[in-house]
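Read in order, the letters of the sequence shown are residues -15 to -1, 1 to 247 in mature numbering (1 follows the signal peptide of the UniProt record, and there is no 0). In what follows, a structure is listed as structure tokens, so that the remarks can point back to it.
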Amino acid sequence: MRFWIIAIWTGLVLGRPTVRGSRLINPAPGLQAELEDTSYAATARTSLISDHHPRTSQTQVTCNVLVKQDSTTLGYVSPVWNRYGEYGTFQASSSGALQVQFSYDDSSQNRLDLTAINGPSNTFPMFGGIVGYSSGDDLGPGSFDYIYLGGTASTPVGSPPVNGPNSFDAQKDYNRKIESAIWKYTPSTGQLIPQWVNTNSAMFPNYVLYGAGDKVLVVTGDKAVFQSKVPAGAYPEVVGNLLDQVVIVILTGWRQTLTCVP
């Protein structure tokens, strides 16, 4: 079993901003009577005006995923799972390759959901994280724990691992926990980075590794500890950038980065 360090790049196919409507603020029960007081009404109106937030625009990104090791192209991530329900199978052409989609706005580029719009199953539509078979639920320094990248249901933003439908358990019910909103996006640099939330809500740097033998992408909080528990060279690190039209994976030493370049 042999694993390589790779980088993942995704490409922008769709970048048209859409406008999200502002919230409607309705009076609470009993508020109408209080508003009959002129001074209170003036205060309430001032409060409503000061609490109003301008509309924010959302930008939607759709991309394929092309994987490389150094100058060697491994292929595009395919819209299929391996026999365990994990992503990590590649194909030569972008035609028919996996497409992922996400939206962000100026106020929030963290904890994003990536939807696999042509993934293997609508039951598990998110490109999310699944706690590993022999792993605990927390990623961090000194820990062997890891997650698979696979198909998951959507989970609440900022939530720690929760039980939910996923492609790994669909093969056999291992009762693994999941998170979907694990992606951080930086528009100025295009970086897309996974960020797992631990059971106590703590967060540590994450590292994406690729296992060629099992055709699986995994994320860990301590790549050295993880790699010490598997055959030498089995799980090198994944690094990636998001580029126009395609996602390209490039080896960049031991830095884990996913970057989207418009």
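Virtual Cβ for every residue (Gly too), placed ideally from N, Cα, C. Because the structure is a prediction, the values reported are computed rather than measured.
| Query | Result |
| --- | --- |
| Residue nearest to residue 99 in terms of C-alpha spacing, selected from 190, 178, 113 | 113 |
| Alpha carbon of residue 107 to alpha carbon of residue 151, nearest angstrom | 11 angstroms |
| C-beta atoms of residue 202 and residue 69 nearer than 8 angstroms | no |
| Under the three-state DSSP convention, the category residue 214 falls into | coil |
| Extent of the continuous beta strand (DSSP E) run through residue 120 | Neither: residue 120 is in no beta strand (DSSP E) and is coded neither H nor E. |
| Option in 74, 162, 172, 51 with minimal Cα separation from residue 89 | 172 |
| Short Cβ contact (8 angstroms threshold) for residue 200 with residue 67 | yes |
| For residue 88, the first and last residue of its enclosing alpha helix (DSSP H) | Premise fails: residue 88 lies in the beta strand (DSSP E), 84 to 90, not in any alpha helix (DSSP H). |
| C-beta contact flag for residue 97 and residue 192 at 8 angstroms | no |
| Cβ-Cβ separation, residue 129 to residue 211 (assumed contact under 8 angstroms), whole Å | 6 angstroms |
| Continuous beta strand (DSSP E) stretch holding residue 192: start and end | 192 to 196 |
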